[in-house]
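The next block holds one structure in the form of structure tokens; read it before the comments.
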Amino acid sequence: RCEVQPGVRRGKVSFLGKVPELGGGGLWVGILFDEPVGKTDGSVKGGKRYFETPGNNYGGFVRPNKVEVGDFPERDIFDEDSDDEL
Numbered sequence: 019r020c021e022v023q024p025g026v027r028r029g030k031v032s033f034l035g036k037v038p039e040l041g042g043g044g045l046w047v048g049i050l051f052d053e054p055v056g057k058t059d060g061s062v063k064g065g066k067r068y069f070e071t072p073g074n075n076y077g078g079f080v081r082p083n084k085v086e087v088g089d090f091p092e093r094d095i096f097d098e099d100s101d102d103e104l
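The sequence shown maps to residues 19 to 104 in this note's numbering.
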């Protein structure tokens, strides 16, 4: 499990390595997000797939310094405290 900044998006690490199609060199972390808050489906331009997702926008590639790995439970949007309750 992990949390990705900015935006406190949660998911799990599905890939770690070089992604030449993204440019910039270095390592990228492929994240499978809990919700459709990403920009990919685990593939990059040209169609190369690095990991599987359940649909569009559930995946993303970020730099390692944007990822914190830990015991982050999935968020239940119906269990959150809110001032907007009816």
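Built from N, CA and C at the ideal position, the CB exists for glycine as well.
Straight-line Cα distance separating residue j from residue i
i, j, result
"Gly44", "Asn74", "25 Å"
"Leu34", "Glu53", "20 Å"
"Val26", "Val85", "10 Å"
"Val47", "Asp94", "25 Å"
"Gly60", "Thr71", "6 Å"
"Val62", "Val31", "16 Å"
"Arg81", "Ile49", "10 Å"
"Phe51", "Val87", "13 Å"
"Ser100", "Thr58", "Low local confidence applies: a pLDDT of 45 at Ser100 is under 50, so the model's placement there is unreliable, with the coordinate-based value given in what follows. Distance between the alpha carbons of Ser100 and Thr58: 30 Å."
"Pro24", "Arg67", "24 Å"
"Glu92", "Lys36", "28 Å"
Among the options, nearest to residue i - alpha-carbon criterion
i, options, result
"Gly77", "Glu21, Phe69, Lys84", "Phe69"
"Gly65", "Leu40, Val85, Ile49, Val47", "Leu40"
Opening and closing residue of the beta strand (DSSP E) in which residue i lies
i, result
"Phe79", "77-80"
"Arg19", "Arg19 -> no beta strand (DSSP E), and no H or E assigned at all."
"Val47", "46-51"
Rounded Cβ spacing between residue i and residue j (contact assumed at less than 8 Å)
i, j, result
"Gly79", "Arg19", "The sequence shown places Phe at residue 79, not Gly. Not confirmed; about 18 Å, so no contact."
Cβ neighbour criterion (16 or more within 10 Å) applied to residue i
i, result
"Val22", "buried"
"Pro38", "exposed"
"Gly56", "buried"
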